[in-house]
Amino acid sequence: MSQQNSREQPWVDEPALDRRLIVLTENPVSLALVALADVVGVPTRLVGVDENGAGAAAVADLSPSAADAVVLCDHDAPDASLVLRSALQTGCGYVAMLASRARSAAVLAQLRSEGFTDTDLARLHLPAGLNIGGKTPGAIALSVLAEVVASWNDRPGGPMRAGSVQPTAPSERQ
Numbered sequence: 001m002s003q004q005n006s007r008e009q010p011w012v013d014e015p016a017l018d019r020r021l022i023v024l025t026e027n028p029v030s031l032a033l034v035a036l037a038d039v040v041g042v043p044t045r046l047v048g049v050d051e052n053g054a055g056a057a058a059v060a061d062l063s064p065s066a067a068d069a070v071v072l073c074d075h076d077a078p079d080a081s082l083v084l085r086s087a088l089q090t091g092c093g094y095v096a097m098l099a100s101r102a103r104s105a106a107v108l109a110q111l112r113s114e115g116f117t118d119t120d121l122a123r124l125h126l127p128a129g130l131n132i133g134g135k136t137p138g139a140i141a142l143s144v145l146a147e148v149v150a151s152w153n154d155r156p157g158g159p160m161r162a163g164s165v166q167p168t169a170p171s172e173r174q
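With the UniProt record's numbering, letter number 41 in the sequence shown gets 41, and the count goes up by one each step, no holes.
Spelled out as structure tokens, the structure:
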């Protein structure tokens, strides 16, 4: 790169690490999540079933690794605890479910009663997503994908202006 064009680019050209986003339940939010993940370059797998243990079996069959994310996009899934248990048992790095705070508390209580520890449950993101106030399927999907990417990059997911870049006083500039 020449001196004239020494400006840093804010992205990297290397391919992303071998990560997958596994999305359960086909609905407007999950479809938006898969579409956004495609734009971001995240390989996805959409599993359209989550009843009678099929979702839990699908998660186990896909064998998510610590680099993967599993998101259950159905707050009313009757087998939610089965799906989340399956994902937690695989060692998946990010496990989440769309849910209200009340539903989140009930699912956490169920998993605790099944023997999961607070350390196990700390990997569980309930409810899924960053608090951006989204109400539409696309905005909800954006909040979930942002949290997944932040988690993968070991970041809190807050605003960029809260980072380490601070303006310098004119006397300190060279």
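For every residue, glycine included, the Cβ atom is placed at its ideal position computed from N, Cα and C.
Q.
Going by DSSP in three states, residue 200 sits in which element: helix, strand or coil?
A. Here the chain comprises residues numbered 1 to 174, so residue 200 is not present and cannot be evaluated.
Within the UniProt domain "XdhC Rossmann" (21–148), ranges of the alpha helix (DSSP H) (whole runs, at least 4 residues): Taking only runs of at least 4 residues, the alpha helix (DSSP H) segments lying wholly in the UniProt domain "XdhC Rossmann" (21–148) are 28–40, 54–62, 80–90, 101–113, 118–121.
- Measure the CB-CB distance between S63 and T25 and report whether it falls below 8 Å. For the 8 Å CB-CB criterion, S63 and T25 do not form a contact.
| query | Quick one: Cα of A69 to Cα of A96, how far? | reply | Going from the Cα of A69 to the Cα of A96 covers about 8 Å.
Self-check item: Collapsed DSSP secondary structure at R19 in the structure displayed
Solution: Note: R19 maps to coil in three-state DSSP.
Would you identify the three-state DSSP class for P155, choosing helix, strand or coil? The amino acid occupying residue 155 in the given sequence is Arg; Pro does not appear at that position. Annotated three-state conformation of R155 is coil, per DSSP.
Checking 8 Å against the spacing of the C-beta atoms, do L36 and L130 come in under that value?
No, these two residues do not count as a Cβ contact at 8 Å.
Please classify M160: does DSSP put it in a helix, a strand, or coil? If DSSP states are grouped into helix, strand and coil, M160 belongs with the helices.
Q. Is it buried or exposed for G55, if we count other Cβ within 10 angstroms and need 16 for buried?
A. Burial call: buried.
Q: Could you tell me how far apart the beta carbons of L145 and V47 are, in whole angstroms, since I believe they sit closer than 8 Å?
A: Not confirmed; about 17 Å, so no contact.
Worksheet item: Is the CB-CB distance between R20 and R45 below 8 Å?
Response: Yes, they are a contact pair.
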